[in-house]
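Those letters in the sequence shown? Residues 1 to 100, by the UniProt record's numbering.
Yeah, the Cβ is synthetic: ideal placement off N, Cα and C, and Gly gets one too.
Structure first, commentary second.
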Amino acid sequence: MVCEKCEKKLSKVIVPDKWKEGAHNTTEGGGRKINENKLLSKKHRWTPYGTNSATTKCIICKQQVHQDAKYCHTCAYSKGVCAMCGKQVLDTKFYKQSNV
């Protein structure tokens, strides 16, 4: 749950197109580097858990979050706040929610 401002910050597509010459959602050019040393380029790979663990954890429950969020989805919904900026988005006063 994110607010309208933070909706623009979300990434567009998780999986890029396979056909890279005409694809709109890729950042790099098509193909691979020629004569690339795999041992040296290994450290530049994408890390799924991030490099800085302090920015990838929920403030409330310390669960891992994604896309530069402060709160995980469950905590953001239960509090009624935006997951990225913490702004009040939803009024959960009359919601019947459990703490489990």
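- [ ] Measure the alpha-carbon distance for T56 versus Q67 and round it to whole angstroms.
- [x] Taking the sequence shown and counting its residues from 1, one reaches residue 56 at position 56. Taking the sequence shown and counting its residues from 1, one reaches residue 67 at position 67. C-alpha separation (whole angstroms): 8 angstroms.
- [ ] Specify, as a first and last residue, the run of the alpha helix (DSSP H) that S78 falls within.
- [x] By one-based count along the sequence shown, residue 78 stands at place 78. Looking at the DSSP string, the run of the alpha helix (DSSP H) that includes S78 is 73–79.
Open item on the list: Distance check for C75 and Q97, CA to CA, integer angstroms please.
Closed with: On the sequence shown, residue 97 is found 97 positions in, with the first residue counted as 1. On the sequence shown, residue 75 is found 75 positions in, with the first residue counted as 1. For Q97 and C75, the distance between alpha carbons rounds to 11 angstroms.
TODO: Please classify I59: is it buried, with 16 or more other beta-carbons within 10 angstroms of its beta-carbon, or exposed?
DONE: The count along the sequence shown starts at 1 and reaches residue 59 at position 59. Looking at its Cβ environment, which holds fewer than 16 other Cβ atoms inside 10 Å, I59 is exposed.
Open item on the list: At the level of alpha carbons, what is the spacing between M1 and V81?
Closed with: One-based indexing of the sequence shown puts residue 1 at position 1. One-based indexing of the sequence shown puts residue 81 at position 81. One C-alpha to the other measures close to 7 angstroms.
- [ ] Can you say whether C72 is buried or exposed, counting buried as having 16 or more other CB atoms within 10 angstroms of its CB?
- [x] Here residue 72 refers to the residue found at position 72 when the sequence shown is read from its first residue. Buried, by the Cβ-count rule.
Task: Distance between beta carbons of A83 and K70, contact taken as under 8 angstroms - done: Locating residue 70 in the sequence shown gives position 70, where the first residue counts as 1. Locating residue 83 in the sequence shown gives position 83, where the first residue counts as 1. The Cβ separation is near 7 angstroms, so the contact holds.
Open item on the list: Going by C-alpha to C-alpha distance, which of K5, N99, S78 sits closest to residue 102?
Closed with: Outside the shown range of the chain (1 to 100) lies residue 102, about which nothing can therefore be said.
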